[in-house]
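Visitor: In this note's numbering, the protein residues as written are 208 to 462. All residues carry an ideal CB built from backbone N, CA and C; glycine is no exception.
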Amino acid sequence: MSTSTIEMSKLTISISPNHFKMKHLVMIPCPSISPHNSLRSRGFTLVELLVVISIIGLLAGLAIPAISSGMNKAKESTKISNLRGIYQACMLWSSENDGQVVPAIGPPITSGGTGVGWNTFLATNTLGLQNRSKTPRNKDIFVDPFFKGYNPNQSWISGYAMNTRPMLPNDKQLIGFYGTNNEMKMLALTDANKRAFIIDTDGTYSFDPIKIQTANVFCTNRHDGGLGMVMMYDGHVEKLNMDQAFLSANDPSKR
208 MSTSTIEMSK LTISISPNHF KMKHLVMIPC PSISPHNSLR SRGFTLVELL
258 VVISIIGLLA GLAIPAISSG MNKAKESTKI SNLRGIYQAC MLWSSENDGQ
308 VVPAIGPPIT SGGTGVGWNT FLATNTLGLQ NRSKTPRNKD IFVDPFFKGY
358 NPNQSWISGY AMNTRPMLPN DKQLIGFYGT NNEMKMLALT DANKRAFIID
408 TDGTYSFDPI KIQTANVFCT NRHDGGLGMV MMYDGHVEKL NMDQAFLSAN
458 DPSKR
C-alpha cells in the first residue's frame, strides 16, 4: 500500500503501511490559530496604552479635588470642635472669676514673669497644659489647623486672635491688655450672638476691632474663597467676609 498523506489544519501527517494499519488510525485534531488568538497574544498597541493612561489621568483629575474637599471639610470640623473647646475654657475661667471676660493678656504664669497671651493663659489655668511649645500641634486646640505659620516657640501666635474691645461702639476701653486692668463682665456684653470674640488671623494673638481691616489681622483666605471663621461671644461659629467681620467686631447691632 502506498504512503497516504492527510492534511489537517495545515498539519501534514504521512501514513505509511509499514507503520500503521488504516483501521488503527487515530486522527488527532490540531487547534487552529484564529485571528482572535493572534490578537490576544500580541499585547497593547501604543495608541491603546495612551488611551488607558488618559482614562487613568481623567479619573485621577476627578478624584483629587473630591479628596481635597473631603480633607478640608474634616479640618473644618476639627477647627469648629477646637473653637468650641476654647469657648468652654473661656466660660470655665469666667465662672471662676466672677463672670469676667477673659483678658487678651493674662497675668504672668511664673513669679516675676511677663504677661502671657490669652491662649497660653487659658491652657495653663483651665486645661492644665503647662508647656504648649512641647504639645503636638494636632493636640493643641489653640492652634488653627489651617494656620501655616505656627511656631511652637511662639505658641501665642496660633492663627486665632481675641477681641480686646468687646463693648464697641459704646465703650472703647482695652480689656486686660498691656498695662490696662479694665474688667468686663460677660453679662454686660450686648449682641453676644453677633459680636466677634475670636477671629482667624495670620500674625497676632489679639486684635483691636477698629484695626480689623489692617493687613494680617483678619484672615480671609482659609475658607470658601474669601471667608474667615469667627467665633461669637455666645460660642457659635460663622464664616464671614471682611465687611461682615468689621461690623461684627465694631457694631454688631448693624449686622
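Is the segment 372 to 379 close to the segment 348 to 357, with three or more CB pairs under 8 Å?
Guide: no
Visitor: Which two residues bound the contiguous alpha helix (DSSP H) that contains residue 450?
Guide: 449 to 457
Visitor: Figure out for me which residue from 352, 279, 405 has the closest Cα to the Cα of residue 441.
Guide: Nearest C-alpha to residue 441: 405.
Visitor: Alpha carbons only, please: which of 279, 412, 259, 261 is nearest the one belonging to residue 328?
Guide: 412
Visitor: Could you name the residues of the same chain whose beta carbon sits closer than 6 Å to that of residue 352, not counting the 5 residues immediately before and after it, in chain order?
Guide: If we look at residue 352 and ignore the five residues flanking it on each side, its Cβ neighbours are 282, 285, 286.
Visitor: Is the segment 367 to 375 touching the segment 298 to 306, taking contact as three or more C-beta pairs under 8 Å?
Guide: no
Visitor: Does DSSP put residue 413 in a helix, a strand or coil?
Guide: strand
Visitor: Please name the residue, chosen from 418, 403, 422, that lies closest to residue 460 on a Cα-to-Cα basis.
Guide: 403
Visitor: Please classify residue 310 as buried or exposed, where buried requires at least 16 other C-beta atoms within 10 Å of its C-beta.
Guide: Buried is the call here.
Visitor: Restricting to Cα atoms, I'd like to know which of 390, 456, 350 is closest to residue 409.
Guide: 350
Visitor: Can you give me the Cβ contacts of residue 299 inside the same chain, cut-off strictly under 6 Å, excluding the 5 residues immediately before and after it?
Guide: 333
Visitor: What are the partner residues of residue 323, as DSSP defines its beta bridges?
Guide: 313
Visitor: Straight-line CA distance for residue 457 to residue 417?
Guide: 7 Å
Visitor: Determine the closest residue to residue 432 out of 419, 292, 267, 448, with distance taken between C-alpha atoms.
Guide: Of the listed residues, the one whose Cα sits closest to residue 432 is 448.
Visitor: What is the rounded straight-line gap between the Cα of residue 366 and the Cα of residue 269?
Guide: 31 Å
Visitor: Tell me the DSSP secondary structure of residue 230 in three-state form.
Guide: For residue 230, the predicted structure reports a pLDDT of 48, less than 50, and the residue's modelled location is therefore unreliable. The matter cannot be settled from this model.
Visitor: Contact check, residue 289 vs residue 348 under 8 Å by CB: the rounded distance?
Guide: Sure, about 4 Å apart at Cβ, within 8 Å.
Visitor: Let's see if you can read the secondary structure: which residues bound the beta strand (DSSP E) around residue 364?
Guide: Element bounds for residue 364: n/a, residue is neither H nor E.
Visitor: So residue 399 packs on residue 438, CB below 8 Å; how close in whole Å?
Guide: In this structure residue 399 is not in contact with residue 438, their Cβ atoms being roughly 11 Å apart against a cut-off of 8 Å.
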